[in-house]
Structures are given as structure tokens and as C-alpha cells.
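To keep things clear, I will list the structure first and then write my remarks on it.
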Amino acid sequence: MSARTRAGWRPGRDPRAVRHPGPFAAGDGRRSAGRSRHVVVVGGGIAGLAAATALAEAGVAVTVLEREHQLGGRVGAWSVDTAPGEPPRTMSRGFHAFFRQYYNLRALLRRTDPALERLVPVEDYPLTSSAGYTDSFTGIPRTPPLNLISFVAQSPSFTARDLARVDVGAALELLDVDFPATFGRYDGESAAAFLDRLRFPPAARHLALEVFARSFFADPREFSAGELVAMFHTYFLGSAEGLLFDVPDDDYDTALWAPLGRYLAGLGVRVRTGTTATSIAFRGDPAGEPDGPAGAVVELDGGERIEADAVVLAADPVTTQTLAAGATGVRAGARPDAVDDWHDRLERLRPAPPFAVWRRWLDRPVAASRPPFVGTSGFGPLDNVTVLQRFEAGARRWVSETGGAVVELHAYAAPVGDGSEAAIAALRDSMWTEAARVYPELAETRALAEEWLLLGDCPMIGTEPWVSRPGVSTPDPRLLLAGDGIRCELPVALMERAATTGFQAANTLLAGWGRPGQDLWSVPTGARHRVSAPLRRAMDRTRRVRTRSVTG
306 MSARTRAGWR
316 PGRDPRAVRH
326 PGPFAAGDGR
336 RSAGRSRHVV
346 VVGGGIAGLA
356 AATALAEAGV
366 AVTVLEREHQ
376 LGGRVGAWSV
386 DTAPGEPPRT
396 MSRGFHAFFR
406 QYYNLRALLR
416 RTDPALERLV
426 PVEDYPLTSS
436 AGYTDSFTGI
446 PRTPPLNLIS
456 FVAQSPSFTA
466 RDLARVDVGA
476 ALELLDVDFP
486 ATFGRYDGES
496 AAAFLDRLRF
506 PPAARHLALE
516 VFARSFFADP
526 REFSAGELVA
536 MFHTYFLGSA
546 EGLLFDVPDD
556 DYDTALWAPL
566 GRYLAGLGVR
576 VRTGTTATSI
586 AFRGDPAGEP
596 DGPAGAVVEL
606 DGGERIEADA
616 VVLAADPVTT
626 QTLAAGATGV
636 RAGARPDAVD
646 DWHDRLERLR
656 PAPPFAVWRR
666 WLDRPVAASR
676 PPFVGTSGFG
686 PLDNVTVLQR
696 FEAGARRWVS
706 ETGGAVVELH
716 AYAAPVGDGS
726 EAAIAALRDS
736 MWTEAARVYP
746 ELAETRALAE
756 EWLLLGDCPM
766 IGTEPWVSRP
776 GVSTPDPRLL
786 LAGDGIRCEL
796 PVALMERAAT
806 TGFQAANTLL
816 AGWGRPGQDL
826 WSVPTGARHR
836 VSAPLRRAMD
846 RTRRVRTRSV
856 TG
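Heads up: the sequence shown at position 36 corresponds to 341 in our numbering, and the numbers run straight through without jumps.
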């Protein structure tokens, strides 16, 4: 919603969700009222689309440049070639969960789907272990800390002996949060090191916590402990939205981004897909005459140049690093060393390890009882299995015509060795073998078609100091950054961080131009309750009950 959010409105069920007001008539509006503005947004993923939406709704002319031929970025989808007479098929970069505490992403989607009818609930996403047990989130209370206590009490991943070994002091750190300070509290510590301090049992460690690290496509030994704690807060102890999520009812392009592209076009936004920005140059002093010439020039791969007042760079980490570090004419304010410091921060941007997505259109169905999505632990490189026809209309149409199934496998931080064809073939063989251990009927199927992706363009959120990561603002007010790898003070991550930083980039520009911007929302930024003592007592009670059940 806009800065003029109606009183009492909340983005979800949690009454403690926090509103972060956007700019409204900020800055010197009299100086900018008669001046039209133009912003180039590099990147048509979630961050770029959020920035373009907020800017266009405030009357700013926007040009979106997207390298691929469809919008959505890493949450995009596209058609794949089929033989004459075959039913159509689509491909994407993998499964994404639209959690209900993703307030800002959902605000973006409401532009074309006000009631979010194109998002359908997933009733459970079981996490199954090769040891033979499965954790479920169905039936767990939504309200913290009851959700965590209930999960621990019913989870087969925890035993009385396991609970006795947990370091309660380290566990209570998960409650003692205050963002953004909590991000920096764990500088230099990896998620794996933090989990070692917790002394969680190995199975519970993966199923309850480590899965968060791997959702960043990262090895927990390299992933930030501060980010892990933030995600634990966001999904367990900081939010009453619950642990379940929604998914689009069709492929991402059909359900989400094509409608949003039409909405932006209706606002006058020029959306140019299949277009690559190759360089950015700034001219003049950003603090100079406000009615002077345009301050930015973006050059495209064909030599075309686009002039603008500002640029929002919302691309993958390598592209962001290359274009931002190579931008000429970047000017800072009073601090002469600010640009050098910023370049040092840009050098820290790096991609996460590669991930694999393997979608297979099979000749026979999987068992009707299979859930839409299952996470895995101990099944080699395999991290999850998705049965797409359970929720995606296009996949369901394909299945109705063929009688088969559409199954997708993911491997995060994929072990690709030297990247040779033999190493990739070994990875694929292992993923399919392990998938057949999860769903044995897969061993009898034959693939009628398949699509394989091995990509490495997700941001790495490492153990470097949190404050050293590049944020939305840069030394030059004409250049803003956005994306899920960009530093954000709010406890948000993944798609929600992309949407949030995209809106923040737009708000920063709009505030300087005296125009209204976008309200943002988050889960509480501090501890939700004074629950350390009650939780400690509850954990002690759970230990005693389990000990009696084991010894009795």
C-alpha cells in the first residue's frame, strides 16, 4: 500500500507486524514539482520490479532493462520447445515458497491480484531424513513461542538425550534479537559454527535449522550465522504468520510477472526484455542545480544510450559488481574517501556455490499421496523434490494429456567437482538415485522430456562483517542498489529482501524528489516476548516428559 495506509490495516494475521512508513511529501517538493524524472532500472527480477512499481506509481518515468526474454529474474519462467502435437511445457529456476510473512513481496503481487487468489496454500512441506523419520509443520500453532515448543515436542528429530545436550544459553540467543544489530553480532561466525555451539542433534540440526542456510544455496560452513538467526526469528519466534506458505497456481510468468508487466506498461513504464546494460556513466555534480541536465547515461550492448536522472541497479551479484564498480563519474558528498570505501564493499559481492534444477516430464504418475514439496536430509546432494502438478495449472494440463507426472529435483551448493561433463553426469545420477529412495516409484519411470539447469548467480551471504556489505544507498544519490544480496536493516531474506530493497531504492529517490513512496512492513525487529525464562522452563518440562517416556 502507499504511504497513506488506512488506519488499522495489517498485511497479514499478525497484529505485531511493524509498519515502516515510506516517504510522503519529503524533501523540497516545490523545487521538484515542475520537473519530470526518469529512472533506469537494470534488472527485471523482483527487486527491479518493486522499484519500478513504486517509482511509476509516484509519477516517475521508468525504463526497465532485463537481460532475459521474460521478467521475474531468478523467479522467472519460460516456455520450452516441444515437438508438433506435444502439450506445452514450461521451465523455471526452481521451486520458491511464498511465506505469509513476505509482506512486501505480497504487496507487489497485490497490484494485479488484490486478494492474492493466484497464490494457493501448501498444507505441509515435510522434511524427511534418510534415517527414516519425517518432520511435519502441519498442526503446529502459529503463535510464538508455542510454535517452536510444539515443533520440538512432536518432532522425531529430538530425543530426551538430544534435548539434554542442547546448550540452552546458545539456544536463547535465538530469542535475544534486535535488528539490525543482531546481524553484526555474529560477524565472523558461520551458521555451522553457531549450530555447533547449539549442540543440536544432527537430524534436528539439518531439518529445523540448516535447511535455512541451504535455502541461500550456501554451505553452512560459509553462510552467515547472523542470517541464520534472522531467518529463525522471521519464521519461528518473530512472526505469528505460521510456518506454512503459498505457491503460485501456475508458472511464475503466467501467474505473476506477465500480469505485473502489463500493469507497469499501463503506468507508462518501458519494459525492455532481451536487453543488456553494459556500462553506466554519471555526469555533473549530484548536489548541483536540480533542474540541470540528466545525470546518468546507461549504455546498452548494441551501443544505444539511455539518459536518466538516476539508476537502480537490481541485477545478479556479478552484474551488479561489474556495472557499479565500473560506473564512471560517481561522486560522493563531504567524504572524499567514501567512493573508495564503497568500492571495497563491492569487491565483497560474490556468488554462492552453483545449484542444480532438474525438471523431468515422466511417463507415469507418482503416488497420489505425494506432497507438492518435500525437503530431504541425508540423501546425497538432493535437497528437495517437487511434484509440480499438485499446484501448477500448466503441469496439471500436461499430466491430464499424458497420464504422467512432472517432477523437479534441486541440489543446493551442488557438488560439481571440476565442472567436467563426467562430474555433472555423476551429480545427475546421484540426484535421481536419491530421489528414487525418497519416492521409490520414480525408479520405474521413464523421462519423456527433461530440462537441466546448473547455475551460480545467487548472492553469497558470508561471514564477513555485516556492515561491510553494500547497502541500498551508494556514495552517489543517483545510483541505488537492490536485490536479495544487498544489505537490509530489516529481518527479511530471499525474495522478501529483494522486494524490500527494491522498494527502499525507490523510496530513497522519491524522498529526495519530494514524492510519496511505499510503506514497508516486517515482522517485529526485536524480541517478540520476554520468553527466555518461560521457554527455558518449557524445554526443561519437555526433557523430563521425554526422559520418563524413554525410561518408563
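For glycine and all other residues, C-beta sits at the position ideal for the given N, C-alpha and C.
Reduced DSSP category for residue i - H, G, I as helix; E, B as strand; rest coil
i, result
"V712", "strand"
"P595", "Interpretation of P595 is limited by its pLDDT of 49, a score under 50 that renders its predicted location unreliable; the figure taken from the coordinates is listed afterwards. Residue state, collapsed to three classes: coil."
"D440", "strand"
"D734", "helix"
"E494", "coil"
"W771", "helix"
"D646", "helix"
"D319", "coil"
"V874", "Because the chain spans 306 through 857 in this model, residue 874 falls outside it and cannot be assessed."
"T358", "helix"
"R411", "helix"
"R324", "strand"
"S778", "strand"
"V828", "coil"
"T633", "strand"
"A338", "Any reading at A338 must be qualified, since the residue scores a pLDDT of 48, below 50, and its modelled position is unreliable; no value is offered."
"P670", "coil"
Span separating the alpha-carbon of residue i from that of residue j
i, j, result
"R669", "Q694", "13 Å"
"A601", "R675", "53 Å"
"A582", "A475", "46 Å"
"A880", "T433", "What the structure shows of the chain is the stretch from 306 to 857, and residue 880 is not part of that stretch, so it cannot be assessed."
"A661", "A727", "15 Å"
"R701", "V385", "16 Å"
"V574", "T625", "22 Å"
"A331", "T395", "For A331, the predicted model reports a pLDDT of 48, less than 50, meaning its position is unreliable and no value from the coordinates is stated."
"A496", "E801", "20 Å"
"Q406", "G634", "40 Å"
"W737", "A719", "14 Å"
"S837", "E373", "A caution first: S837 carries a pLDDT of 49, below 50, which makes its placement in the model unreliable, though a value can still be read off. In a straight line, the C-alpha of S837 is about 48 Å away from that of E373."
"G350", "L618", "11 Å"
"T750", "L503", "42 Å"
"V344", "A811", "9 Å"
"A366", "A357", "9 Å"
"G571", "E362", "10 Å"
"L784", "S544", "33 Å"
"R415", "N409", "10 Å"
"L815", "P506", "49 Å"
Range covered by the beta strand (DSSP E) that runs through residue i
i, result
"T691", "N689 to V692"
"E612", "R610 to A613"
"S682", "F678 to S682"
"T427", "Note on identity: in this sequence residue 427 is Val, with Thr being the wrong assignment. First-last of the beta strand (DSSP E) with V427: L424 to V427."
"L785", "L784 to L786"
Cross-strand partners of residue i (DSSP beta bridge)
i, result
"R575", "T368"
"M396", "W383"
"E604", "S584 and R610"
"F403", "D551"
"D621", "Per DSSP, none; premise fails for D621."
"R665", "V712 and E755"
"S434", "S682"
"Y488", "The amino acid occupying residue 488 in the given sequence is Phe; Tyr does not appear at that position. Note: F488 sits in no beta bridge, so no partner."
"D483", "G831"
Identity of the residue in the options nearest residue i by Cα
i, options, result
"F541", "G381, A620, S682 and P446", "P446"
"T417", "D319, S495, L561 and E546", "L561"
"P553", "F587, R423 and V679", "R423"
"D621", "R733, L799, S462 and V679", "L799"
"P829", "G350, I454, G349 and P485", "P485"
"V772", "S827, E612 and W647", "W647"
"G346", "D824, F808, A816 and G831", "The displayed chain sequence assigns Val, not Gly, to residue 346. Looking at the Cα atoms, F808 is the closest of the given residues."
"G680", "S435, R318 and R315", "S435"
"D824", "F403, R411 and F404", "R411"
"G819", "H715, L758 and F329", "F329"
"G724", "G377, G761 and T707", "G761"
"E428", "G607, T580 and L549", "L549"
"V369", "T448, A352, A382 and R379", "A352"
"P426", "D440, R415 and F403", "F403"
"S827", "S520, Y717, P796 and A804", "P796"
"R664", "S529, L814, V712 and E706", "V712"
"E494", "V704, G790, L421 and T768", "T768"
For residue i, the first and last residue of its enclosing alpha helix (DSSP H)
i, result
"E858", "Past the boundaries of the shown model lies residue 858; the chain is included only from 306 to 857, so the question cannot be answered."
"S291", "One cannot answer for residue 291 here, as it falls past the ends of the chain, which runs 306 to 857."
"L815", "L799 to G817"
Contact with chain B by residue i, beta-carbon distance below 9 Å
i, result
"V385", "No chain B appears in the structure shown, which is made up of a single protein chain."
The ligand COA heavy atom lying under 8 Å from the CB of residue i
i, result
"Y744", "Questions concerning the ligand COA fall outside what the structure shown contains, since it holds no ligand whatsoever."
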